[in-house]
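Okay, structure first, notes after.
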Amino acid sequence: MADVLITLNVDTSKISVQNVDPFCNFGQGPGISNEDFLTIVDAGDTVIWEGVSSITASDTVNITNINYSGGSSVFNSNNLTGNGRVSGTVRNNARGEQEKYTIQFTVFNNGTRRPGIFSIDPKLQINP
1 MADVLITLNV DTSKISVQNV DPFCNFGQGP GISNEDFLTI VDAGDTVIWE
51 GVSSITASDT VNITNINYSG GSSVFNSNNL TGNGRVSGTV RNNARGEQEK
101 YTIQFTVFNN GTRRPGIFSI DPKLQINP
């Protein structure tokens, strides 16, 4: 059982609600979309999501919700909430399961909130 950190990198100067994907990534290689980004974890691990600006330290990315959206629900709740960071512990009986989930986040440019709530949809795979 370990802590697994998933960092969402956001170009806080260009993102808009209509255009999220081109300005976000998890550090994955070329050719892997955000929807196909897969994090492999173990049952009992605590997954922690955080967002960072890839442009400037004066901008912030606040992860507010992690919502189950398909596959198996690998946490005890289908909706995990937080304020800046969100965490959840993978169920011990979730071995071998995969979950598609939605990250919801807000962006602040130098303290001023950018309009909208942004969403991105990666996956978790639980080792057998």
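Per our numbering, the very first residue in the sequence shown carries number 1; after that it's consecutive.
Where a beta carbon is used, it is the ideal one built from N, C-alpha and C, also for glycine.
Worksheet item: Closer than 9 Å, CB to CB, is Gly31 near chain D or not?
Response: Absent here is chain D; the protein component of the structure consists of one chain.
Worksheet item: So, using beta-carbon positions, are Thr56 and Asp3 closer together than 9 Å?
Response: no
Discussion item. Taking 8 Å as the cut-off, is the C-beta of Asn67 nearer than that to any heavy atom in the ligand MN?
Written reply: This structure does not include the ligand MN; it has no bound ligands of any sort.
Item to complete: Assign Leu80 to one of two classes, buried (16 or more other C-beta atoms within 10 Å of its C-beta) or exposed (fewer than that).
Response: buried
Practice prompt. Rounded to whole angstroms, what's the CA-CA distance from Gln104 to Pro30? Just pull it up for me.
Written response: 23 Å
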